[in-house]
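Novice: The sequence shown lines up with residues 1 to 151 when you count with full-length UniProt numbering. Where a beta carbon is used, it is the ideal one built from N, C-alpha and C, also for glycine.
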Amino acid sequence: MKINKNVLIIGAVLLVLLAIGYWLLGRKNIPKNNQETISPTEIVLPTIDSSVKVDLQSVSGGKDVTLSINNIPSGTDSVDYELSYQTAQQGIQGVIGTIDVSNQSDYEKKITLGTCSSGTCVYHQVVGKIKLTLKFTGDYGEKLFEKEYEL
Numbered sequence: 001m002k003i004n005k006n007v008l009i010i011g012a013v014l015l016v017l018l019a020i021g022y023w024l025l026g027r028k029n030i031p032k033n034n035q036e037t038i039s040p041t042e043i044v045l046p047t048i049d050s051s052v053k054v055d056l057q058s059v060s061g062g063k064d065v066t067l068s069i070n071n072i073p074s075g076t077d078s079v080d081y082e083l084s085y086q087t088a089q090q091g092i093q094g095v096i097g098t099i100d101v102s103n104q105s106d107y108e109k110k111i112t113l114g115t116c117s118s119g120t121c122v123y124h125q126v127v128g129k130i131k132l133t134l135k136f137t138g139d140y141g142e143k144l145f146e147k148e149y150e151l
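#1: If contacts are defined as beta-carbon pairs under 8 Å, then S105 and I130 qualify, I think. What distance do you get, rounded to the angstrom?
#2: Compare the beta carbon distance of V54 and K143 with 8 Å and say whether it is the shorter of the two.
#3: According to the neighbour-count rule (16 or more other Cβ atoms, all chains shown, within 10 Å of its Cβ), is T76 buried or exposed?
#4: Please classify L83: does DSSP put it in a helix, a strand, or coil?
#5: Please confirm whether S118 and T98 have their CB atoms less than 8 Å apart.
#6: Apart from the five residues on each side of it in sequence, which residues of its chain come closer than 7 Å, Cβ to Cβ, to G138?
Written out as structure tokens, the structure is:
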């Protein structure tokens, strides 16, 4: 009877070990991150009509630029602008802003290439081209203009 008890104990221990082993092996096959990675859909904006004329001119010895937009499409409410450029000491810098152009067909704005605070300006020394991106927003939706300018 003692042998049967030992066989039962050994059998029970083996059964428990097999159950633990099966459970551990089963967990390794389950991915830890069950969440799906959802990447954002990139929205491609149509370009603005070629009748719209955009120019960027250097003024004040390269400290400022004048942004000129002519033939702004009717129904345009605003234009978001972004200028990005490489500088000699500070790497890539830029300027962003929004222009309200409701009921205007032409617009001109002087933009400082640098930072101004309390009446004191620190100007960027631009190296190379300036990339200009304009996003026109109106009753037609959104349209894009992109161009690089050598000043």
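Specialist: Reading off the structure:
#1: Actually they do not touch by this definition, with Cβ atoms about 25 Å apart.
#2: no
#3: buried
#4: DSSP places L83 in strand when its eight states are reduced to three.
#5: No, Cβ-Cβ distance for S118 and T98 is not below 8 Å.
#6: P73, G75, T76, D77
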